[in-house]
Amino acid sequence: MNQENQSQVNRRSFVKTAVAGAGLTLVKPESVFGAPANSALTLGLIGCGGRGTHDSGQFVRITNTQVVALADPFKDRLERAKEALDKRLSERNRPLIDASRLYQGMDAYKDLLASDVDMVIITSPPYYHPLHLEAAVAAGKHIYMEKPVATDVVGAKRVMEIGQKAQGKVSLAVGFQIRFSEGYGEIVKRVQEGAIGEVVSGQVYYHAGRLDNRAREGASEGENRIRNWVFDIELSGDIIVEQNIHVIDVANWYLQSHPVKAFLTGGRKARTDVGDCWDHFMGIYWYPNGTKVDFSSSQFLKGWSDCRNRFFGTKGVADTAYSGHPQITGDNPYEHPSDDPLGNTESNKITNFFESIQSGNFINEAQQGAESTLSSILGRISAYEGREVTWEEMMASDQKYDVKIEL
Ligand SMILES: NC(=O)c1ccc[n+]([C@@H]2O[C@H](COP(=O)([O-])OP(=O)(O)OC[C@H]3O[C@@H](n4cnc5c(N)ncnc54)[C@H](O)[C@@H]3O)[C@@H](O)[C@H]2O)c1
């Protein structure tokens, strides 16, 4: 189970519905321009941990993807991912991953990208996302990269530029699957059409349990930083960038913009035994037109967790959470029929990515992913510095991390 799912009560690890079945026609990038169609796409995985193995398994389950190559610094990670993915592949009667295609090391992504894979999933720690994305775009691969796109301002701005280079050449998805929830989508559409009137304020939170400590006795400091990247500010961006970003992205979606300024606080109080990430944040984000959003998060809870976006308007209230019926109350009431709004999000997103390749109408989520990442970084900078910070000030800055990790 991946890090994020471990902490989410009611969150499904596996989607229920296979949206696109074995009959899906897939087209290699070049086939759009006349090369042979109907061939399975080959996939390489960069970062073979919980999420990468899960995402790759979903590709195999939902489409006719052939996973052929894996890259990771650690042998145990490569072996565990191969075992899990071979199981998925054999369930679909597809060839298993050849042992010669397991690339090990911090630079293993280069060997993987030099090989003939059609697409890559990037699920390395977020600090490395700009580096891995840039190399994947240069290699002409279609890319499914997990969020966040970076951990610092310089990295997120770089992803915007890389996205422009990828435009029209390859499909580039960023892992915000909630935007593919039918329930959330219906509520967001109605809010944008005026169902709750003018949006005055919002309540956005991500309260979750703590994650496992993966440090290994006897391992080097560098190895343990990498294995425990979720607790490391430079590698993860802190919990507001790595995990809470999902609800901040949803707020941007509702409000069709990004925050103009933030004033947050927070700290390290409950989880002080590992890393340097904070364990709670809270404060205010200001959006255009004076809309204020009350934000809070935690990553140490026991017995309760909840992730929610609630917006208060002059005609009603919109409410979406990871479980329960998405709904609008007030003058224009509405309740979405599903009480499992995240149920099909991953399969919907993967299908959308595939169809974009199939049709040649390549998607590009780099700008949106970078804006949501920067929205989270804005809150982090404000909280660390204990003052109000504007979007302009952040964008003018050259805030950058340098992890200096050698294995
Ligand atoms: N969309 C979602 O709901 C969701 C859920 C979970 C995780 N994620 C995201 O997925 C990404 C991975 O998270 P995870 O939970 O799988 O973490 P993980 O620690 O389980 O996996 C990360 C893997 O990357 C490897 N790695 C480290 N440095 C590398 C490098 N330089 N090159 C290649 N591989 C490297 C690690 O050894 C590890 O195997 C993160 O960006 C995380 O935020 C998204």
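According to the numbering used here, the sequence shown holds residues 1 to 407 in order.
All residues carry an ideal CB built from backbone N, CA and C; glycine is no exception.
Quantities reported herein were computed from a predicted structural model and do not represent experimental measurements.
Item, Value
"Three-state secondary structure (DSSP) at Thr351?", "helix"
"Among the candidates Ile233, Gly324, Val191 and Gly360, whose CA atom is the shortest distance from the CA of Val403?", "Ile233"
"Determine the DSSP secondary structure at His207, reduced to helix, strand or coil.", "strand"
"Within the continuous alpha helix (DSSP H) that includes Leu112, where are the two ends?", "Ala108 to Ala114"
"For Trp416, which residues does DSSP report across the bridge?", "With the chain represented from 1 up to 407, any question about residue 416 goes unanswered, as that position is not in the structure."
"Between the C-alpha atoms of Arg387 and Val293, what's the straight-line distance to the nearest angstrom?", "17 Å"
"Taking just the CA atoms, how far does Glu217 sit from Ile162?", "39 Å"
"Might you give, ordered along the chain, the residues of its own chain that have their beta carbon closer than 8 Å to the beta carbon of Ala139, omitting 5 neighbours on each side?", "Leu113 and Ala114"
"Would you check if the segment 323–331 and the segment 224–244 touch, i.e. whether three or more CB-CB distances between them fall below 8 Å?", "no"
"Three or more beta-carbon pairs under 8 Å between the segment 144–157 and the segment 359–372, yes or no?", "yes"
"So, helix, strand or coil for Arg227, using DSSP?", "helix"
"If I'm right that Ser375 touches His258 with Cβ under 8 Å, what's the distance once you round it to whole angstroms?", "5 Å"
"Quick check on Ala81: does DSSP put it in helix, strand or coil?", "helix"
"Let me confirm a value: Ala413 is counted as buried when at least 16 other C-beta atoms fall within 10 Å, else exposed. Which label applies?", "Outside the shown range of the chain, which is 1 to 407, sits residue 413, and nothing can be said about it."
"Using alpha carbons as the reference points, say which of Leu45, Gly50, Tyr184 and Ala383 lies closest to Asp212.", "Gly50"
"What three-state label does DSSP hand Phe300 in the structure shown?", "coil"
"Would Ala99 be called buried (16 or more neighbouring beta carbons within 10 Å of its own) or exposed?", "exposed"
"Put His336 into one of helix, strand or coil per three-state DSSP.", "coil"
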